Structure formats: C-alpha cells, structure tokens
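Shown next, in structure tokens, is the structure this report addresses.
Protein chains in written order, with the working numbering: chain A, 1 to 407; chain B, 1001 to 1319; chain C, 2001 to 2310; chain D, 3001 to 3246.
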C-alpha cells in the first residue's frame, strides 16, 4: 500500500507539532510565587454572531483593569480570554485549558447557561473560583449551589419575575410568550409565570443554538391571532434585532405591546436605530441596571466606556466590569494572598467593592441580592437610543432558588 | 519498457514502505504508552487531556475509516454515533446508574441498532444521495435529542460521575486514558485483521466495482450494511469515552460539523490506511490547538490549511 | 380552526419555500451538471446578505443593494469556480465535501473580519414597510415582495431551462455530461456560468432575507442543510423538483412550527410539548427526505439518466 | 432450455430501448445477439443479469422465473456475466481478483478474522484459474495496470470460476488486437460445452466462429432468429444490418 509509505512522514510531523505545543506550555506555566501575576481566565463567546456580546464583555474587563491600574493588591494581573464558540463542549475544553495549562486562580465570564453548566465541574474539581458574569441557571442557584461559585449578574428567574410584577401593575390580563428553546429561555418563562397573575394564552419555544430560528413569521401570526394584552419575549444577542424588526413589520406595536428581558440592550439599540425600527422606542424591559443608574462607580464606568468605544456599555459589560472588581476586592482583603482558599472565599462573599449597580451583597447561594428596575427605550441628548430607568420594581430581591441552597 | 514497468509494479508491494510503517509503530506505541504518566505527574494535565481527546477521536475516525476507506461509503452523519455513545453514559447517569458495563453495552447496541435501521435505507442510495441521507439521519437524531426536555434538550446533561467498572474508575484521568488506549489498540488490531480477511477484501471489491461483485454473486448490500453497522458500533464506543471524558453530553456533540471534522481526520491520515485515523486526529487537534492560540480568526488559516491538505493530498494521503 | 391564521401561515410557508428554492435551484444544477457537492453554497447566501446591507447603508437604495448583492455573488461564484471548484470536478465527492467545508470556515471568518461579529441590519424603504390587507389578513408588504421575487425568479428559471439555448445545454448536461461534451459545448464556460448563476441566486436569497433576519455570520451554514434536503427530495439536477420540494418543505416547516405544539399537547404535558414541537417540526423535514429516498432513491423529479454512470 | 425470455420491455424516459424481445437458449449452446449500435443489446443483457428491472416480460433461467431476482442471486444460481469494459477490481492483483471470484462460491465472506491470503487451498485454486487462461505468470500484477486484453481474459476467468450454467458476454472482442481476438475465440471455444453463452458481438468473424444460433436486434426488436447460417443468408438482415457498413 502506498499509504503506508506516507505514515512515517506523517508520524514525524505530528510528533513534532505535539512536542512544540508541549514546550510552549511548559515554560509558560512554571513558578507561582507570590509576586507572580494574578491569573484570571475569562470564557466568553468571541466568534459566531454572539461574538458581539463577548467583545463587549472583553472591553469592559479591559476597562476594569485600566481603572485598577493593571494591578490587584499590588500584584500584576493577567487575563486570558478564551472563546467558547457558543458550544458547551468547547467551553468546557477551554475552561480545562485555563485551569490545567494557564493555571488561573479565577475563571470568570460565561454568557450561556449550558456552557457554564458544562464547565463548572472542571473549575470546582480544581478548587478554583468560578465567577459568572452573565449566565445564572437555576441549577447553580438551588440544590447544585457551590461554595466556589459566585455570580455578578442575576439568577435567570429574577428579571422576568420583576417583569411579571410590572405586568400585574399595568393590569395586563393575558400574555403571549416567545422564547428560545434553551435553559435560560425556560428559566425566563418560569420566572414570569411565578409572579404574573394573568393568563398565559400562548407560548412558543423557538429553535436556538447553531441553527437558531430567525424568521418568526409563524409565531408572530399566532401571537397576533391570540388576542393577548401583551407579548413577552427574551431574545439575547442578534436574534433580538431580527425579532424586533419583524415585530414592527407585522404592525403589532399598538395591538400587542412588547415586554422584554435581555433583548433590548446597548448592543441591539444602535443597530435597530440604524435600521429605523421605531417600534422599539418606548418598549419596556426590566433589569438590575441601566446606563443611567445614578451612582459614582456607574457614572465613571459608563462615561469611560463611551469615551473609549463610542457606544453605551451593555449589561453584559456592566456585569463583567463588576466581576473584575469583585476579584480585586478579594485580593485587597487578603493582601494579595490566594493560598488560603477559605480566606479568599470569605472575602469574595463580603463583596466589598463599589458595584456599578450601587448596593451589592451576596445571598447564601452567592447570587446578588439586588434591586430591579423598569426601563424604557428613549433617545438620549445626542440622539442615540438608550434605556432609561422609569421605576423601581423590587428592592433587595433574592432569587427563589436560594432557599434550596444548603451548603 | 513494458517489462520494466511490470517489474516495478511487481516490486512495489515489497518496497521498504511497509517496513518504514512498521518501524514507526513501535516508537509511537511506546510514546503513547509511557508519555501519559509523565505528563500527569509533572502536572501537565492539559496535554494529557489533549492526548486523550486525540485518541478518542482517533477511535471515531477509525470507525469512519472502516466505512470510507474499506467500504467506500462516504458518510456525513457519523457524529450521530458519538452522540448515541455519549448519551448512553449521560442518560443512565442522570438516573444515578453509573455501571460502566451497562453504559458500554448500551452504547454499542444502540449505535449498532441505529446504524442497522438507517443503513438499511441509506444503502439503497449511492454517491451524493448517500452522503446527504446519512447527514439527514444524524440531523434527525440531533433534533430528537433537542426535543427531549427530560434529558436537557439543547442544554444537554452534566455527568456528575463517570462510568465505573468493577475495580476500574474512569474518574481518574490516567485510568480513562489507558482504557481509551487499550480500546484503540484493540480496534486497530481488529481493523488490521478485517482488512486482510475475506470480509475486508469483499468490501474493497464492492468499493471499487460494485457491479462486478454483484455479478460474481456477492450480496454487496448486505456486506456494506454489515460494515455500516460495525462502524457505527465502534463509533459508539468512541462516544462512550467522549461522554465520560467531557463529563457532559449535549446535542451539539452530533452537530454535522463534527461529522465533517471526522472525515477530515480520515482523509488527512489517508483513507484506508490503518494508522491514518490516529495520525489524522492528532494532526487535526494539534493544528486546531496551535492555530486557535495564534489568533481569534484562526478558522481562516485552519480552513485554508485543510483545503491545501485535501487538494495537494500529498503530505499524508495517498496520491 | 382559525382560517385567517391558517392563511397567514400558508403565506409564511410560501415565503420560506421560495427562499429555499432560490438557494436550492443553483445547488441542484451544480449537483446535477458538475456532479459537485458544494457545502459552501450557503456562504453566497451570507455574502449576498452582507453586501446588500453594506450597499443599502452606503447608497440608501435597497433596490440597488439587492442588485449589487446578486452581482457580487455572481462574481464570487465565478471566482470560486475558477480557483477551487474546477480542480475538484474530477475528484471524489469526499474531497469535494471537505474542501467546501473548509471554504465555509474561510468565508465565515472573512465575514467576521470585514463586518465584525455583530452582523448588519438593513433599513427598509418606507414603501416596503407596513402591511397589505389580503382577505382580512394583514400581510407585511415586504414578505409579499419576497414571495413575488421568488415566483418571478422561478418563472425566469423555468423559461431559462426549458426555452433558451443555455437551458438546453443545462438539460443536456444534467442528464448526460458526455453527450453535452459531444455536442461541442464549451463545458468550461457552461460550468462557470451555471456555478455563477447558482451563486447569484443564493446571493439574491440572502439579500432578500437580510431585512428580516439581518445579515449574520454563519447564516449560510444554518440554512444550507435544509437546502440540501430540498435538492435531494426534488431530485438532483431538476429545477422543477427543487421548486416543488422547496414549497413542500417550506409549508411543512412553517405549519409544523405553527400547529405541532397544539397537536402534541393532546398527549404530552404542556411544557414538554412546547420543547418538543420546534425540534420535531425541524425533524419532520428530514423524515420527509428519508421517506422519499426510501421509496424513490433518486428523488421525486430526477431527470432521466442523472446519476447513472455509463 | 437454459434461458427463456418472453416479451421483454424496457423504456427510459421516452426512449423504448427494448420492446417485446423473445429469446430462447438451449443448454451448452452459444447464442449471439447482433445488431447495430443503440439497438438495445446492452440493455437486454443488463436485464438478463438483473442490473436493470424490465418494465414488462418474463425471464426464466434453468426452469426458474428470475424476472424479479437481484443480480447477485442470479449469479448464485449460475448466471455469470462479463461487462463491455472488462470490469475487474482495478487496485487488486490478478491473483486477488481470481480469489475473489472463487470466494463467492466458497462462501463465508463475512469472515473478519482469518487472513485471506493465507488460505492455501483458495490460493492454489485461484492460481489454477489463472493458469487456465494463461495469466499465471502475471499473478502479482495489479489489474488496473494490466493490458486490456489481459483484463478481458481475467474477467472471463473470473466469470467462469464458479462453473456457471450460462455466461453473458458483452462484446468480448471489443478493443482487442487480431492475435488477442484469436486467443479469446480459442479460449471461449475451449469452454464451449461447459456452459451456455449469450454473446453480444460486432465482430462477425467471431460470431460465426463461435455461435450456434443468433438473433438480430434492431430498434429493440428481434428482427430475425435462427442458426448462424440462416442469419447469414437472411436478406432482411443483410439489408438492415450486415449490408450496411459499420
């Protein structure tokens, strides 16, 4: 067989490649003295259309580091960004790389619930700290809560719970729901159903993931025919833009008012504005934060972010910024010493830092106990579309799974 | 001239090619056998992971090589069997059943059953139709798994405890590695026997000239179906290991892009070459690892490199 | 039964079907004539969407943008044919699958480099916004435009294939390549033209869908598999088959999404039904394909002689 | 009668390739089917071999109706065939090809374990098969690299390996030189009597040298049938076929 003739060449080349990878790693990972840099791994989505979220998060992390002068408790900080490509398996793989090769002390980031769930075990097994800067699946908030897990975002159910409360206050009696078919989508549904006292007259779970559905014509026609008082949606990332356009084109703005969570944000608004989707102006959403939230940390964050990148930071950015600040607070508390895990954990739990959302404290499950606001889409003084806080929905709200967390 | 040519071709099988090949096998086997503890005890777990993943994918690629290289059946749906194998671990584990023997039995039998049922339909078609109908069946399975809420749908299942055999816990990275290594060695040996046995020869005949084989009285369909089922079952074992290795299963594991990646591994290593899948899987993973470290836009380089490898076809594949 | 809703859903199905037809028609001809499997056909779809978005933003004219998208993808198709596809006609399907898969990676990454990860949105001209009332159902004007464009192209393709000299060559090529060569046809040019036309049709489809879904990276990979199903169900090399199969699949997918969850709720708990329905409606398309191939291994409308090696 | 064909029809799209063919072939006889290009000869043969399903009609082989039977089953019943293109397994050696041919009858073709090359008995029989057609000295030559004539001889050897009752030959002389043709005629003559043959051939010298009876196929119909001498004398045939220069 002529194929056999090629095998040695192939073996030599692959062996050479393998050895190269080995050595590049070996030298990078020696020595972990106290003056060595603090290593933080940050897993997010940098490719695929969702890469726009990851880029925003990355910008925020870099801004946070700049605000900290590149140091935490006098130690240099190195952040390793890894791309999960929107796939749980890749996310898990990259998490393993951060822990086993880069030997990071903290792993932060994670946009998607399923990526976080797939990766968590790797971090916990190595007794490292996992700080979610977005995903907040119920599994990690309730029975599956872990002492090394912290969230600088929210538990999935909270934001839609706040929205359900808004719907009640506005006297909405019947609701149509459209959500993507994945963990967070189901949590959003569960959340709004926890507090909404009216009737959910129809629900559509659309295809999500790699070949997600972006044409919502069939569902919008059903929603319009349902006669509901309101339409509740959750479409993070670029799917939100697609949905809102079709919502406008279907002429539903007046017949079926829109209530959303995590859909209308600083990432989608500039593009919606460019495409002239006026229908989104005045639409309502709930959130723990908004760019106009009035506190010193937030003003500095938003102003510097805008100065550097030209657009408002998204809530993803705000959470990512906080995740770095949280780590910094722990290092400050321990004097830069990471060897005593219990001390670091205790310091993290105290969350002694100035969050962009104002008051910040962790509940027993290490999810924030925080305020939730109602936001409206408006045009700012410069003519850019943004969100503005119009009402406080919950003060110091804790997620419903916290009670199940017994550590 | 003609005589000289003939003499050359007569000589060809006896060229030192085979001996070179054999000479490379022993050092390679020794390396794969001895390197892991070294990596593990020097704290280079990451490279142990990379090696484990390479060998698991090599098993999958080997099973595809059986199909493509021996049987001439180009399947673009082979990731389905990885999924079946992985879910054979994930679903029982979800119910608290961690018996490895059961997992493995499920992985093999379900893969074989799926291969039998779909193969019976797929093999009625040829060429482009075959490629695309195998793809269609794997997509069907993909969407079935996405639709089952009880098993996590799109989000998949987290495997909290790996399969355990009496006296053998896959939990330990080295144990898992050596199990994978042993399985790969076993399959390589089996594949070698098969290629030279009657079944392998008949398959090769059907690959190159189906009409001739039928006219000789061979039931090409049944031989190819048997090959298809065998290949699926072996790939199910790869899935079993991959599920254990990742501690997680999700429908994304049987995405069609994974099937294409497996095909790449086969063709990079040389379709039909015994050790090709191992070389292909290693090259594929190491390239991906190296390139993704260079730039975020590594797919550009990766895609170009893969195209070059296939188009040139001279580095690793036969001409 | 809400008849208005059903009518709206049928129109939605028609729209999806016609878009699929635009993608599948070129794909099917490339399959049939060159015996070439092009996984990266969806990349032209994506390219069309991005070019359309860019030109629309710069020039302000949506009409011009659509033309530019078709022209750009025509050129891109010709380029790919010349530089890469041509080298692969004589190779096996396996190599074709792999090389065109590599092309997808490259095209997606190029789009990422040029347009960024966010994708691009398109502002529609005011004339295309709003809705038209048809039998009591408010149909978005733009969706109607897509339907009309699709029907127009389908009719154009029908005349091209059945009436023109190029069509005669295409038909000859689809059923017997050796014969086309024997007729003294310049095969190289025919292949180039067919490939480029196929790419332009895909680009047109991308340009038309972009105002609805926005242009995004990987949008080609998402739809190409369904386009393959259309080609296979319709029969490789048959434009008529691609048309019928595209409409069939458009209806199945849309109606499945619209009604399957209600159907499933009859025997599944509500939440489980809602999870299962979208996946099952996506799956139904593949079930259809498997059934068709099990009964007619060469699709519904395979041209005589296609696929038979002589 | 080893083979009886009744009213066979086959249509491709609008082209009626075979329309109403009747044929009968006696045991151990050689029957030639002659006719101009495109007359439907190859289609007829493919239908007999089971590669193409007839639209209508009946094929009876050795007393059994095989009209709906798959190609490999017909082969197992003793119906062998050679292709127009001298179809052998190109990447295998002549010996391996011959071995495969014997394997079909030997069975056990699902054996995944024992190396085929070490089966001494099978190997000896394969060598003998090659010897019979004078190819033993080329046993290790790859079939794809062999000359056309060699492949043709190999194919006939493979077809005859399982001792078939009937051999279908699709233009065995095509592409052969003068001396090769003569050798082929000699080879087939030697086998006459061990199997019946249905021969499609343009080379009239070969037809008259080999065949006992013949049919003339024109436009998918049998124009005339009879002994070769009768066919040679038939005026209609002369006009329709033999008279017109090829």
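Ideal placement from N, C-alpha and C gives every residue a C-beta, glycine not left out. Keep in mind it's a predicted model, so treat the numbers as computed, not measured.
On the criterion of 16 or more Cβ atoms from any shown chain inside 10 Å, does residue 74 of chain A qualify as buried, or is it exposed? Counting every other CB atom within 10 Å of its CB across the protein chains shown gives residue 74 of chain A a total below 16, marking it as exposed.
Please report the residue range of the alpha helix (DSSP H) in which residue 273 of chain A lies. Following the DSSP letters along the chain, one finds residue 273 of chain A inside the alpha helix (DSSP H) bounded by residues 268-274.
Three-state class that DSSP yields for residue 3082 of chain D in the structure shown: In the structure shown, residue 3082 of chain D sits in a strand (DSSP, three-state: E or B).
Sequence ranges, alpha helix (DSSP H) only - wholly within the stretch 3037-3069 of chain D, length at least 4: The stretch 3037-3069 of chain D contains these whole alpha helix (DSSP H) runs: 3041-3049.
What are the residues in the stretch 3080-3094 of chain D lying within 9 Å of chain B by C-beta distance? For the stretch 3080-3094 of chain D, which is checked against every Cβ of chain B, the residues closer than 9 Å are 3080, 3081, 3082, 3083, 3087, 3088, 3089, 3090, 3091, 3092 and 3093.
Check whether the Cβ of residue 1148 of chain B lies closer than 7 Å to any heavy atom of the ligand MG, and answer yes or no. With respect to the ligand MG, the structure offers nothing, as it holds no ligand at all.
For the stretch 203-212 of chain A and the stretch 170-185 of chain A, state whether three or more C-beta atom pairs, one from each stretch, are separated by less than 8 Å. Per the Cβ contact rule, the stretch 203-212 of chain A is in contact with the stretch 170-185 of chain A (3 or more Cβ pairs under 8 Å).
Just the C-alpha distance for residue 2255 of chain C and residue 38 of chain A, rounded to the nearest angstrom, thanks. Rounded to whole angstroms, the separation of the alpha carbons of residue 38 of chain A and residue 2255 of chain C is 55 Å.
Could you tell me whether the Cβ atoms of residue 113 of chain A and residue 133 of chain A are closer together than 8 Å? Not a contact, by the Cβ cut-off of 8 Å.
Could you give the first and the last residue of the continuous alpha helix (DSSP H) run that contains residue 2009 of chain C? It spans 2003-2034 - the alpha helix (DSSP H) in which residue 2009 of chain C sits, taken as one unbroken run.
Beta-carbon within less than 6 Å of residue 1177 of chain B's beta-carbon, same chain only, minus the 5 sequence neighbours each way: which residues are those? Residues 1036 and 1052 of the same chain have their beta carbon placed closer than 6 Å to that of residue 1177 of chain B, with the five preceding and five following residues left out of the count.
Chain A beta carbons: is any one of them nearer than 8 Å to that of residue 2232 of chain C? The Cβ of residue 2232 of chain C sits no closer than 8 Å to any Cβ of chain A.
I want to see whether chain D comes within less than 8 Å of residue 1040 of chain B, judged by CB atoms only; does it? Not a single CB atom of chain D sits nearer than 8 Å to the CB of residue 1040 of chain B.
I think residue 1108 of chain B touches residue 1249 of chain B, with their Cβ atoms under 8 Å apart; what is that distance to the nearest whole Å? At roughly 17 Å, the Cβ-Cβ gap does not stay under 8 Å, so residue 1108 of chain B and residue 1249 of chain B are not in contact.
By DSSP, does residue 1118 of chain B sit in helix, in strand, or in coil? In this structure, residue 1118 of chain B counts as helix in the three-state DSSP scheme.
Within 8 Å of chain B by C-beta, residues of the stretch 3172-3205 of chain D in sequence order: If you check each beta-carbon in the stretch 3172-3205 of chain D against every beta-carbon of chain B, none falls closer than 8 Å.
Comparing C-alpha positions only, which one of D:3113, D:3097 and D:3141 sits nearest to residue 3125 of chain D? Looking at the Cα atoms, D:3097 is the closest of the given residues.
Quick check: the Cα distance between residue 382 of chain A and residue 310 of chain A, rounded to an integer number of angstroms? Computed Cα separation, rounded: 12 Å.
Between residue 354 of chain A and residue 360 of chain A, what straight-line distance do the alpha-carbon atoms span, to the nearest angstrom? When only Cα atoms are considered, residue 354 of chain A and residue 360 of chain A end up about 8 Å apart.
Of all the residues that make up the stretch 1144-1157 of chain B, which are near chain C by a beta-carbon distance shorter than 9 Å? For the stretch 1144-1157 of chain B, the beta-carbon criterion of a distance under 9 Å to any beta-carbon of chain C is satisfied by 1144, 1145, 1146, 1147, 1148, 1149, 1150, 1153 and 1154.
How far does the alpha helix (DSSP H) with residue 3104 of chain D in it extend, from its first residue to its last? In the DSSP assignment, residue 3104 of chain D falls within the alpha helix (DSSP H) that extends over 3094-3106.
Distance CB(residue 2235 of chain C)-CB(residue 2150 of chain C) smaller than 8 Å: Result no, Cβ atoms of residue 2235 of chain C and residue 2150 of chain C do not sit closer than 8 Å.
Determine the extent of the beta strand (DSSP E) in which residue 1078 of chain B is found, giving its start and end residues. No beta strand (DSSP E) holds residue 1078 of chain B; DSSP gives it neither H nor E.
Grab the span of the beta strand (DSSP E) containing residue 379 of chain A for me, first residue to last. That run of the beta strand (DSSP E) goes 368-379.
Contact the stretch 2089-2098 of chain C vs the stretch 2068-2078 of chain C: 3+ CB pairs below 8 Å: No, the stretch 2089-2098 of chain C does not touch the stretch 2068-2078 of chain C.
To the nearest angstrom, how far is it from the Cα of residue 2244 of chain C to the Cα of residue 3014 of chain D? Looking at the two C-alpha atoms, the distance is approximately 23 Å.
Beta-carbon spacing of residue 317 of chain A, residue 388 of chain A below 8 Å: Not in contact: residue 317 of chain A and residue 388 of chain A (Cβ atoms no closer than 8 Å).
Three-state secondary structure (DSSP) at residue 132 of chain A? Looking at residue 132 of chain A - three-state DSSP - the assignment turns out to be strand.
Between which two residues does the alpha helix (DSSP H) holding residue 3180 of chain D run? Here the alpha helix (DSSP H) through residue 3180 of chain D covers 3178-3191.
May I have the straight-line CA-CA distance separating residue 3036 of chain D from residue 2202 of chain C, to the nearest angstrom? Using only the alpha carbons, I get a separation of about 47 Å.
Where do the N-terminal and C-terminal ends of the beta strand (DSSP E) with residue 39 of chain A fall, by residue? For residue 39 of chain A, the enclosing beta strand (DSSP E) starts and ends at 38-44.
Step through the CB atoms of chain B and report whether any lies within less than 8 Å of the CB of residue 3023 of chain D. By the rule that beta-carbons nearer than 8 Å mark a contact, residue 3023 of chain D does not touch chain B.
The stretch 2141-2152 of chain C: which residues have C-beta closer than 9 Å to a C-beta of chain A, in chain order? Cβ contacts with chain A: 2141, 2142 and 2143.
Would you mind stating whether residue 2146 of chain C and residue 2010 of chain C have Cβ atoms separated by less than 8 Å? Against a cut-off of 8 Å, the Cβ pair of residue 2010 of chain C and residue 2146 of chain C comes out as no contact.
Just mark residue 2186 of chain C as buried or exposed, buried being the case when its beta carbon has 16 or more other beta carbons within 10 Å. Looking at its Cβ environment, which holds fewer than 16 other Cβ atoms inside 10 Å, residue 2186 of chain C is exposed.
Relative to the C-alpha of residue 111 of chain A, which candidate in A:271, A:236, A:145 and A:346 has its C-alpha closest? The shortest C-alpha separation from residue 111 of chain A is found at A:236.
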